[in-house]
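Position in the sequence shown counted from 1, then plus 280, gives you my numbering.
Note that the Cβ used here is the ideal one computed from N, Cα and C, for glycine as well.
Remarks on the structure that follows.
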Amino acid sequence: MSVTIKSKSDLQKLREAGRIAARALEHAGNVIRPGMTTKQLDRSIHDFIVSCGAVPTFLGYGGFPGSACISINQEVIHGIPSPKRVIHEGDIVSVDVGATYDGFVGDNAYTFAVGDISEEAADLLRVTEESLYAAIDASRVGARLGDVSHTVEEYCASRGYGIVREYCGHGIGREMHEDPEVPNYGRPGHGLRLMPGMTFCIEPMINQKGDAIRVLRDGWTVMTANGSLAAHFEHEIAVTQDGPVILTRP
Numbered sequence: 281m282s283v284t285i286k287s288k289s290d291l292q293k294l295r296e297a298g299r300i301a302a303r304a305l306e307h308a309g310n311v312i313r314p315g316m317t318t319k320q321l322d323r324s325i326h327d328f329i330v331s332c333g334a335v336p337t338f339l340g341y342g343g344f345p346g347s348a349c350i351s352i353n354q355e356v357i358h359g360i361p362s363p364k365r366v367i368h369e370g371d372i373v374s375v376d377v378g379a380t381y382d383g384f385v386g387d388n389a390y391t392f393a394v395g396d397i398s399e400e401a402a403d404l405l406r407v408t409e410e411s412l413y414a415a416i417d418a419s420r421v422g423a424r425l426g427d428v429s430h431t432v433e434e435y436c437a438s439r440g441y442g443i444v445r446e447y448c449g450h451g452i453g454r455e456m457h458e459d460p461e462v463p464n465y466g467r468p469g470h471g472l473r474l475m476p477g478m479t480f481c482i483e484p485m486i487n488q489k490g491d492a493i494r495v496l497r498d499g500w501t502v503m504t505a506n507g508s509l510a511a512h513f514e515h516e517i518a519v520t521q522d523g524p525v526i527l528t529r530p
């Protein structure tokens, strides 16, 4: 494992990239509506990122055909934008978006409620988002990576939710995916010791029922195996002497 410690200059550039990614996600929340296709939403996000002078990081990454991953209801992550996929009232829609600016990457995700959603869906969203902020709070100098991962697992599993184990958060910088991997489960007191200048993405991927997932034949879209709902939230953070700093703030 080769973890890159970022300089003050690097962190400033990551903050700028993170701000654009966060604004793009905020833009998605402003324009998403029932009747819109995921392709239309993706195009709007793409145009917003370009208007900020940045490049959509996801477009073409590993062959991915969109500028955002847009995943609805039982889709966990990596949903491919499609002109045939329509967003409906009552859906929960995970939007994951990255922006590359001045050589550095911003990456974040949010699961939006479209109109009125069920109480069950609302609780899933609330718990998943709360677990993200609890894990961010655990990301302090001297802590272990296992402390961060365990925080997500304990917060969500204790409330009866499933933890996606095949996918995880990641280090970030000039590349979207750097060391270390940041799972959503782990053993407290174990793993990499956190140091100032480390930057990574924490992204709880939480299922309403059970841990199991499956990947569709498109090779990208990840679904819950049992068809239950899933939620996904993500922030990019920096570890500093003064505590964790969220880089993906609009």
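Pairwise C-alpha distance: residue j and residue i
| i | j | result |
| --- | --- | --- |
| Val335 | Ala379 | 6 Å |
| Val444 | Thr479 | 22 Å |
| Asp396 | Cys448 | 29 Å |
| Ser331 | Arg303 | 11 Å |
| Asp306 | Ala510 | A quick correction: the sequence has Glu, not Asp, at residue 306. Whole-angstrom Cα-Cα distance: 20 Å. |
| Ala414 | Thr431 | 7 Å |
| Asp498 | Ile416 | 33 Å |
| Ala402 | Glu434 | 19 Å |
| Val375 | Pro345 | 15 Å |
| Gly426 | Leu291 | 24 Å |
| Tyr341 | Met456 | 10 Å |
| Arg365 | Ile312 | 13 Å |
| Glu296 | Pro460 | 22 Å |
| Ser398 | Ala492 | 22 Å |
| Ile526 | Leu496 | 33 Å |
Supposed close pair residue i, residue j - CB separation, criterion 8 Å
| i | j | result |
| --- | --- | --- |
| Asn353 | Ile329 | Rounded, the Cβ-Cβ distance is 25 Å, inconsistent with contact. |
| Ala301 | Leu321 | No, Ala301 and Leu321 are not in contact; Cβ-Cβ is about 16 Å, not under 8 Å. |
Local Cβ density within 10 Å of residue i, reported as buried at 16 or more and exposed below that
| i | result |
| --- | --- |
| Arg243 | Past the boundaries of the shown model lies residue 243; the chain is included only from 281 to 530, so the question cannot be answered. |
| Ser282 | exposed |
| Arg406 | exposed |
| Gly298 | buried |
| Glu400 | exposed |
| Ile285 | exposed |
| Gln521 | exposed |
| Gly422 | exposed |
| Leu472 | buried |
| Pro224 | In the structure as shown, the chain begins at 281 and stops at 530. Residue 224 is therefore absent and cannot be evaluated. |
| Val519 | buried |
| Glu446 | exposed |
7 Å Cβ cutoff met for residue i and residue j
| i | j | result |
| --- | --- | --- |
| Pro363 | Lys293 | no |
| Ile325 | Ser347 | yes |
| Glu369 | Pro314 | yes |
| Ser419 | Pro484 | no |
| Ser438 | Pro463 | no |
| Ala389 | Glu514 | yes |
| Thr501 | Gly359 | yes |
| Gly440 | Gly490 | no |
| Cys436 | Ile357 | no |
| Glu516 | Cys481 | yes |
| Thr391 | His512 | yes |
Proximity test, residue i beta-carbon vs the ligand COA heavy atom, cut-off 6 Å
| i | result |
| --- | --- |
| Asn487 | You won't find the ligand COA in this model; it holds no ligand whatsoever. |
Cβ contact (3+ pairs, closer than 8 Å) linking the stretch 336-352 and the stretch 378-398: yes
Validate contact between the stretch 450-457 and the stretch 406-416 using beta carbons, cut 8 Å, 3 pairs: no
Any 3 or more C-beta pairs closer than 8 Å across the stretch 505-515 and the stretch 464-473: no
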